[in-house]
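The numbering of the sequence shown is the numbering used here, which starts it at 1 and goes up by one. Yeah, the Cβ is synthetic: ideal placement off N, Cα and C, and Gly gets one too.
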Amino acid sequence: MSKNYYITTPIYYPSGKPHMGHAYSSIIADFFARFKRIQGKNVFFLTGTDEHGQKIQRAAENNKLDPLSFCNKISKTFLDLSKKLNLSNDDFIRTTEKRHSDSVTHLWNILEKNNQIYLSKYSGWYSVSDEAFYNDDEVETINNQKISKISGSSVEWVEEESYFFRLSQWQKPLLKFYSENKNFILPESRRNEVISFVESGLKDLSVSRKSFTWGIKVPSNKDHVIYVWLDALTNYLSALNYPNVDSANYKSFWPASLHLIGKDILRFHAVYWPAFLLAANIRPPLRIYGHGWILSGEKKMSKSKGNILDPLEIINKYGLDPLRYYLIKEVSFGNDGSISLEKLENCINSDLANNYGNLCQRVISFNEKNFNLKIPESHDFTEDDIYILDNYVKEFPNLIESVDNQNINNYLNFIQNQLFISNKYFNDQEPWKKKNDKKRLNTIIYVSLELIRKISIMLYPVIPESTLKVLKIYNINEKNIQFESLKEHNFLEPNQNLSKLSILFKKIETHD
Ligand code: MSP
């Protein structure tokens with residue numbers, strides 16, 4: 001098993017300000033990055049913005065700005081959001097950077113040299129909103145408007161000279177690749193979708209445009225700009241210094257461990273991207289995971305539908321960790337999920353304030369009153385103690401496997417159960433009645449503190465800021481959190497001082 005782990009978010013179009021759908025992709029990716037770090041992996045976590053193409057050029061024109069000034073302005077809002085979301089990304093790439101255009105140009109030249117690209121003419125449908133080409137049978141007419149059946153975006157007829165990538169040649173190799181790498185596309189339903197799409201036949205793909213200029217020029221023919229998806233996908237390589245394949249980052253982190261994306265951009269990542277890479281003799285990434293959408297009502301939240309929820313407003317009102325917890329726990333991962341303030345408030349009140357916050361407060365203030373903020377000495381663990389502590393040991397391999405298979409709901413269910421039984425443990429053991437049995441009292445409090453430590457470590461990738469406050473009372477900081485330490489039941493040093501804990505989550509007054 002490699003010690004290195006490379007995870008990416010999609011790079012976002014800076015065509016308008018970020019919304020909850022973007023925040024969702026980023027928060028989930030951050031969960032995996034943080035989890036892998038505390039598992040001891042050497043992680044590289046990448047996010048950024050996708051700044052070329054007709055969509056951005058038009059958005060800039062509508063805003064009466066030249067494309068680069070427009071991108072500078074909007075890309076900054078994505079960068080700011082990544083900070084506001086407390087993302088632990090190692091890099092933020094912009095496709096207007098030189099390191100990126102050098103990398104794209106290099107890849108293009110290799111594809112050309114490998115006879116994978118030829119000049120011809122494209123005539124067909126194009127959606128600027130999706131930056132995607134569609135066949136006749138993928139387009140329908142609604143209210144006199146031509147619409148893509150796949151995305152619902154409007155399409156326009158395009159006829160122009162274009163370079164083509166020999167995608168048709170890659171049908172068989174791709175099918176072979178999918179069958180040899182069963183977990184390349186997850187979840188399984190999406191894998192099946194992709195396989196039937198590829199089985200139905202692949203046509204060569206138009207990979208350059210001539211009717212606008214905002215993009216990376218085709219090196220051998222400056223009248224053309226490189227198709228924005230070929231440009232954008234290459235960001236995953238350019239951030240690792242490609243074409244410098246001897247660079248430490250490239251050597252350590254390629255092929256990527258996980259490209260986390262929304263299901264709407266699956267075809268680009270699971271079909272075109274591995275085909276481009278195989279055609280250039282570069283290993284494809286190890287996994288593409290297509291998550292579902294955040295819905296607003298019944299519809300995908302998107303700028304063009306005008307139904308967006310602003311993550312910044314929610315964070316300002318409720319705080320970041322509640323939003324992170326809610327998105328990670330409440331949306332069944334892989335499926336669509338609609339979000340509502342009511343559900344968010346319930347989550348804050350029950351899971352965060354009651355179950356986690358309260359457990360921490362009760363145990364620490366009991367300790368403060370009775371042990372003067374010192375960790376008591378543990379004595380013989382009873383069966384009850386061992387049972388509850390051992391849950392973590394028994395489940396340890398499953399927890400790692402769940403996260404490695406992106407089964408985060410399983411991971412969160414485990415945490416929820418442990419919160420429930422840890423609260424129950426504290427209630428049932430009634431330490432307030434054990435003042436005459438010093439040994440037992442010590443042990444109950446030791447075990448309770450130990451449970452809080454374990455749960456906080458497990459929750460760290462979900463709500464880093466709040467769990468770090470809790471772990472700090474034990475003198476554990478971000479750099480020394482180790483998932484492996486869940487297996488230790490005597491991790492805490494007796495007599496060590498604890499520090500006080502301020503309120504973690506304020507309850508929200510809900511209006512019925
Ligand atoms: N620029 C391309 C990605 C290029 S990656 C080489 C793009 N950008 S996007 O800004 O439109 O979308 C970026 C990501 O946000 C996608 O994964 C998309 O699925 C996700 N989301 C956008 N709206 C969404 C929801 N309403 N819900 C969840 N995620 C969705 O596509």
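Of the other Cβ atoms in all chains shown, 16 or more fall within 10 Å of the Cβ of Asp50; this residue is therefore buried.
The Cβ neighbour count for Ser211, taken over all protein chains shown within 10 Å, is under 16; the residue is labelled exposed. In this structure, the ligand MSP has a non-hydrogen atom nearer than 7 Å to the beta-carbon of Ala232. In this structure, Tyr24 places its C-beta atom within 8 Å of the C-beta atom of Leu327.
At a threshold of 7 Å, Gly319 does not count as near the ligand MSP, since its beta carbon sits no closer than that to any of the ligand's heavy atoms.
Counting along the chain, the unbroken alpha helix (DSSP H) around Asp428 starts and ends at 408-429. With a 10 Å radius around the Cβ and a threshold of 16 neighbouring Cβ atoms, Asn442 comes out buried. Annotation: Asn316 to Pro255 spans about 38 Å, alpha carbon to alpha carbon. Shown here for Leu309: same chain residues with a beta carbon closer than 6 Å to its own, the five before and five after excluded, namely Met20 in chain order. Bridge pairing for Lys435: absent [DSSP]. The beta-carbon separation of Ser103 and Pro243, rounded to 6 Å, stays under the 8 Å limit for a contact.
Pairing Thr47 with Phe92, the inter-Cα distance amounts to about 5 Å. Where His291 is concerned, the enclosing beta strand (DSSP E) starts and stops at 288-291. Short of 7 Å from the beta carbon of Pro219, and not among the five residues preceding or following it, lie these beta carbons of its own chain, in chain order: Thr105, Trp108, Asn109. By the neighbour-count criterion, in which a residue is buried when 16 or more other Cβ atoms sit within 10 angstroms of its Cβ, Lys433 is exposed. Going by DSSP, Val43 is part of the beta strand (DSSP E) stretching over 42-49. Within the same chain, Cβ atoms closer than 8 Å to the Cβ of Leu111 are found at Ile117, Phe165, Phe276, Ala279, Ala280, the five residues on either side in sequence being excluded. By the neighbour-count definition (other C-beta atoms within 10 Å, threshold 16), Ala248 is an exposed residue.
In the assembly as shown, Trp157 is an exposed residue. Its beta-carbon has fewer than 16 other beta-carbons within 10 Å. In the three-state scheme derived from DSSP, where H, G and I count as helix and E and B as strand, Trp125 is classed as strand. Under the DSSP definition of a beta bridge, Tyr5 partners with Val43. When C-alpha distances from Phe177 are compared across Val271, Lys263, Arg267, the shortest belongs to Val271. Going by C-alpha positions, Asn436 is about 47 Å away from Asp404. Here the alpha carbon of Tyr392 sits roughly 33 Å from the alpha carbon of Leu341. CA-to-CA, the gap between Arg440 and Gln496 works out to about 19 Å. Contact between Leu68 and Thr95 is absent: CB atoms are separated by about 11 Å, not below the 8 Å threshold. Annotated as distal: Tyr250 and Leu260, with beta-carbon spacing of 8 Å or more. Residue side-chain check: His22 places its Cβ nearer than 7 Å to a non-hydrogen atom of the ligand MSP. Counting the other CB atoms within 10 Å of its CB gives Pro311 a total of 16 or more, which places it among the buried residues. Taken in chain order, the whole alpha helix (DSSP H) runs of length 4 or more contained in the stretch 220-274 are 228-233, 235-238, 248-253. With a cut-off of 7 Å, the C-beta of Pro10 is classified as near the ligand MSP, since at least one heavy atom of the ligand falls inside that distance.
Each of Phe32, Ser179, Lys73 was checked against the Cα of Tyr13, and the nearest Cα belongs to Lys73.
Per the Cβ contact rule, the stretch 286-295 is in contact with the stretch 324-339 (3 or more Cβ pairs under 8 Å). For Leu501, same chain residues with a beta-carbon under 8 Å away, outside a window of 5 residues either side, are Cys360, Gln361, Ile364, Lys469, Val470, Ile473 in chain order.
Annotation: the continuous beta strand (DSSP E) that includes Ile294 extends over 294-296.
Residue burial is scored here from C-beta neighbours: Pro397 has fewer than 16 other C-beta atoms within 10 angstroms and is therefore classed as exposed.
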